[in-house]
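Note sheet for the following structure.
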Amino acid sequence: MSDVVERTLSALPGLLGQHDPGAGPGGAAGPGRASATSRLGSLIRSITALTSKHEEEKLIQQELSSLKATVSAPTTTLRLMKECMVRLIYCEMLGYESSFGYIHAIKLAQQGNLLEKRVGYLAVSLFLHENHELLLLLVNTVVKDLQSTNLVEVCMALTIVSQIFPREMIPAVLPLIEDKLQHSKEIIRRKAVQALYKFYLIAPNQVQHIHDKFRKALCDRDVGVMAASLHIYLQMVKENSSGYKDLTASFVTILKQVVGGKLPIDFNYHSVPAPWLQIQLLRILGLLGKDDPRTSELMYDVLDESLRRAEINHNITYAILFECVQTIYTIHPKSELLEKAAKCIGKFVLSTKINLKYLGLKALTYVIQQDPNLALQHQMTIIECLDHPDPIIKRETLELLYRITNGQNVIVIVQKMLDYLKQSKEEYTIIRLAGKIAELAEKYAPDNEWFIQTMNAVFSVGGDVHPDIPNNFLRLLAEGFDDGKEDEQLRLYAVQSYLALLEEEDTFYPQKFLQVMSWVLGEYSSLVTDVDPEIILMRLQRLLKKTSVTPETKAWIMAAVTKIASRTSCSKTVDKLIQEFSTSLDTCMRQYAFELKHLCEDKVLMKNLLPFDASCNDIVVDASLSFLDGFVAEGLGQGALPYKPHHQRQEEKLSQEKALNFEPYGLSFASSMSSSAFTGRQSPTGLSFGSDTSGNSAETGHKETNSLKLDGVRKLWGKEGYLPKKENKIGKEGEPLTVPCGSLLAGSVADPPVSQSDQIASLSEEEKEKQQLASTLFVGLGSNAGISLMGKADMATQKFKRKSKINEAQNAEETSDIQNSAASTLGPLLDTLPSNKEGHEGDEHARLMKASLCSADTVEDNLAFEKLQSLKKSVPDNKLLDSRLSSSSLFADSNIEIFCPLPSTECESASKTLLAPSLPAELAELPHSEVVKLCQSDDLALHLCKVWTDDSLLLTMFISNNNTSAVNAVNLVFEKTEHFQILESPTYQFSVIKAQSVEHCQQRVQMDKVCTQGVLCGCINYQSEMETCLEFSITLSLLDFIRPMEMTTEDFGKLWLSLSNDVKQNLKMSSSQDSFSAALSTLQQKLKLHIVDIIGNEGILACQLLPSVPCLLHCRIHAGMLALWFRSSCSALPDSLLYQCQKVMEGS
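This is how it looks when you write it as structure tokens:
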């Protein structure tokens, strides 16, 4: 260690004196330079010589005090300030705060020579974070350095921009960085691409208009610039692979050149040509070729070449091989490549090196859904990995077993998982593994007893760590299944199990487990007829007296006591509890005791409030608060003033003010777009037991906006925003490959046939146990067994199938004529709408056929919402899904994607003649899109037409029956989404669709959360020869929900002052826009804006996001640039509309 320190100290004089003016030979720079090296060197020597942390803290504090005095002195030179910054950086690296030097680091970056500026920029990048207030002081310096003719200054500015830069100040430097993409020096171009990549990560809407320049960077003559552009393309392809399939040939060509060694030798690593570049290209190709035979065909040769050349025994080549295997199994399959990839996986799995074995298990887990034979070939190796001393190997092996679980091997696999869970101490491992065990237990439980016992084991280990597991388990018990007898048996066994557990004294259970016990006993203890309720109450009373029970758990126990007491005439235990806790020092427990006492005095009221097994009953919520009408009328009658909205009060205040207002701006009022959310029984902490309000969204938004930040300087510039994230992952599954049943017990399917008796006789006892374990773990992977690779259909239906809540709602709708969408009463525990689809899970005859409507994110050509020409008809996927993990399934793991090849099944349906749907006469007169096909089966076809009304987007759905026989019980269901809201009921039912006819329905949609583009998903369920489900997705753009907002100039001025969320941007005007009026006309036509007024070279426009979110635009023209200034009450709307403006101006 001392040798390293000495070498470092010997290099410091050259480092600190580099490019230092006046630093001549022999130390001619004078005492200043000698002081710089000696002070930093002595500080490092002193710290390395210390023996305790306390001594280090004392020394650093003395050093910081000395530095603070030095940097604050007015006589400190820039060279001395540079030396102080280096020492401050060293103190910060040791973990000691030196905030007093932050402002001096910014000053050093703003002035001085190149070396001093470099140290200043370095200090700023290490001291500050992206949201630090002081970064705003650096913006002008960055702009000045970007315009400098000195390459070093430009590089420094681009470096600091790519590391930390405030999001709201991106428009100030974006045009300058765009110009640097055309710079003659490759280092400038590369750093400009890196800066744009940073902008894309923190504000993608602000750089999407320069995608063409990204394509030029991809084809740059310099390899470094091209490699930097791959970072941006990897992110963009992940979000929208269909938009970049035309670049597949370019990526393939680049990879061929890299693999062929055409790049400079500087990019080699251990004789491997540009390995990290290969890995990025392989990931991009995997995303582009997924489910696309034509695109995948372009990649086969280069993937084969990559596998062949990656033969050097080095870690980096193993990484390339792993990426190649993943890419081969992700794109459309080719048999020769699959065979080579399987050999590669085999080498990894059989390797004695732990890292390679882990890679093999990881790859095997990824590809097991497509090729179960691989698991059978390596089944003995997998068994050995279960007892591997390395915990990572063991955990990955359990992940592999999780993927191949079915109804026949679930007991053995879950037991292995539980054994590992009991030994594990890592919180992350416990959370993931407990969720997977609970999911498998729900999906493949052989009987009620095993299910309850397994869940008890999960609760005892991971109950407090994973709160979703007990909550979802209680919801499953409350909602029940398709079979009423199964419901009662499951609940009865749960009660008996928990009573037996509570008999044991001095046993510690996690708090979540105690809450589960309390709720189940409170709801269903009456099912046990051979146990006196008094005994149950005494056991709950014993829990209340334990000091280890938390107040939250005691609330659950008191709720259970209250429910049991409502079903008994009198109870001494209840009287003791009331007497004991009425004088408790705990305020909550004292309140529960008083409420229980008053309820026990009126048994009739108590039974009405707490009916048996009513946890799933819907609760009618009066969202309009009509019960306060009398109170409001009385107040108005007594002279009280009527309520005025915030904007009206602000307008009146502005109109009354004559003089200038010197008060600072107040905090903005955030108007909430979402309605109040009501959820059911989330916890039994109150004795209303029916419903609790989860909170008013408007209140929440107001509270967040008006919260004061007292930690440091108040941030006056910019705003806290958010970026909408597109999460639209669609997993696809298919029929697994089959293997002969006789190979299940063999070590490899390729072995020659050997008699089973001879083989077992030659094995040791340990090997016999492994063979027996393999036969139980890998059962169900043969051709005659009902294979279920985590989502594939078993021969037996799923054990626990929840009731179809949608069908229940539809039956209630037929018998009641007062139900409507406005009173969509959200009952407790009914927080997942798509449970109808889960009711069909596990049926071996169920078919799922997916299709999606891919819409280019374009804008309409005129104010009348001219028909969209960019809608592309979707093609049905080439995958057939026998069964799948529903997105709303309990304990579902959304990270699992299942892919399997499928034989062609489209020939019959392609030959059918489709009926041509058309809009009704009253809708045909309104602005509308073309009628496009969403999905199709042998029986039905679904089409869509968008109709733009003044108050919403109207989706007109056409269902065509192409058969010669009628189709009965057709249900059209829309799923809940984050960004959109269905105004009417999300379910529409057709009792019958006649042969060769077309039926249609209408759904009004509004945007609930602002985004530039989102997806609305749904499905059609119908009964033909078999139960069938067609899935579809509709891509909706922000402009589908934008409408012109007419107002006067005076109203515009008042509303402008009341809005606080704004964004500014300068856009270049194209040659086709020869005048300011032409530019405004373009914005008016394509963005549906209303031109309020035009005064000289300035104009004001207005629009609104349905139903009533205003957005105002002030624009002016200056030096060929169009300056845009958006303001709105919604923080995300200006950014999204600015992105649309950028696309319009670029396209025109």
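Residues 18 to 1165, numbered by our numbering, are exactly what the sequence shown covers, in order. By construction, the Cβ of each residue, glycine as well, lies at the ideal position given by its N, Cα and C atoms. Note that the structure is predicted; figures quoted are calculated from it, not measured.
{"query": "Close Cβ partners of I447 (< 8 Å) along its chain, the five nearest in sequence each way excluded", "result": "L438, S441, V478, G479, V482, H483"}
{"query": "Cα-Cα separation, T1065 to L191", "result": "34 Å"}
{"query": "C-alpha gap between C617 and V591, whole angstroms", "result": "9 Å"}
{"query": "Residue of R1060, G377, L60 minimising C-alpha distance to K364", "result": "G377"}
{"query": "Boundaries of the beta strand (DSSP E) in which F598 is found, first to last residue", "result": "Per DSSP, F598 belongs to no beta strand (DSSP E); it is in the alpha helix (DSSP H), 589–598."}
{"query": "For F1167, the first and last residue of its enclosing alpha helix (DSSP H)", "result": "Absent from the model: residue 1167. The displayed extent of the chain is 18 to 1165, so no value can be given."}
{"query": "Per-residue DSSP class, three states only, for R584", "result": "coil"}
{"query": "Residue range of the beta strand (DSSP E) that includes R1144", "result": "1138–1145"}
{"query": "K1179, enclosing beta strand (DSSP E) - first and last residue", "result": "Nothing in the structure corresponds to residue 1179, since the chain is present only between 18 and 1165."}
{"query": "Alpha-carbon to alpha-carbon, I219 and V1161", "result": "23 Å"}
{"query": "Run of the beta strand (DSSP E) containing D162, from where it starts to where it stops", "result": "D162 -> not in any beta strand (DSSP E); alpha helix (DSSP H) instead, spanning 156–163."}
{"query": "Delimiting residues of the beta strand (DSSP E) encompassing Q953", "result": "949–953"}
{"query": "Whole-number beta carbon distance between A122 and F144, since they are thought to touch under 8 Å", "result": "6 Å"}
{"query": "Straight-line Cα distance separating L943 from Q1023", "result": "18 Å"}
{"query": "Straight-line gap, M58 to M173 (C-alpha atoms, nearest Å)", "result": "For clarity, residue 58 is Gly in the given sequence; the question names Met instead. So the two alpha carbons sit approximately 27 Å from each other."}
{"query": "Contacts around R324, its chain only, beta-carbon distance under 6 Å, and the 5 residues preceding and following it disregarded", "result": "It is worth fixing the name first, because residue 324 is Leu in this sequence and not Arg. Same-chain partners within the cutoff: C341, K357."}
{"query": "Q387 - partner residues in DSSP beta bridges", "result": "Note: Q387 sits in no beta bridge, so no partner."}
{"query": "Proximity below 8 Å, CB of Q1173 to CB of W467", "result": "Beyond the ends of the chain as shown, which are 18 and 1165, falls residue 1173; an answer cannot be given."}
{"query": "Buried versus exposed call for A517 [16 or more other C-beta atoms within 10 Å across all chains shown]", "result": "exposed"}
{"query": "Chain-order list of residues whose beta-carbon lies under 7 Å from that of L491 (same chain, five-residue window excluded)", "result": "V533, W536"}
{"query": "Any 3 or more C-beta pairs closer than 8 Å across the region 1108–1118 and the region 1039–1052", "result": "no"}
{"query": "Proximal residues to F908 (C-beta, below 8 Å), its chain only, five neighbours per side dropped", "result": "Confidence at F908 is low in this model, with a pLDDT of 34, below 50, so its placement is unreliable and no value can be given for it."}
{"query": "Status (buried if at least 16 other CB within 10 Å, exposed otherwise) for K502", "result": "exposed"}
{"query": "Per-residue DSSP class, three states only, for N489", "result": "helix"}
{"query": "Inter-stretch contact at 8 Å, needing at least 3 Cβ pairs: the region 1072–1084 / the region 983–995", "result": "no"}
{"query": "6 Å Cβ shell around Y1005 - same chain, five flanking residues per side excluded", "result": "L989, C1018"}
{"query": "I3 classed as buried or exposed, judged by whether at least 16 other C-beta atoms fall within 10 angstroms", "result": "No answer is possible for residue 3: it lies beyond the span of the chain, which begins at 18 and ends at 1165."}
{"query": "S1148, buried or exposed, once every other Cβ within 10 Å from all chains shown has been counted against 16", "result": "buried"}
{"query": "Environment of D1057 [buried if 16+ CB atoms lie within 10 Å]", "result": "buried"}
{"query": "Other residues of its chain near L971: CB distance less than 7 Å, five sequence neighbours each side excluded", "result": "V964, Q1019, R1021"}
{"query": "Three or more C-beta pairs below 8 Å linking the region 63–72 and the region 90–98", "result": "no"}
{"query": "Residues near T118 in its chain [Cβ-Cβ closer than 8 Å; skip 5 each side]", "result": "Here the sequence assigns Gly to residue 118, which means Thr is not the residue at that position. Excluding sequence neighbours, G118 sits near L84, K85, V88, C101, M102, L105, A140, F144."}
{"query": "Outcome for L658 when other beta-carbon atoms lying within 10 angstroms are tallied against a minimum of 16", "result": "exposed"}
{"query": "For L971, three-class secondary structure by DSSP", "result": "strand"}
{"query": "Spatially closest choice to S1008 from N1038, N980, K70, V566, by CA coordinates", "result": "N1038"}
{"query": "Cβ contact (3+ pairs, closer than 8 Å) linking the region 392–402 and the region 423–439", "result": "no"}
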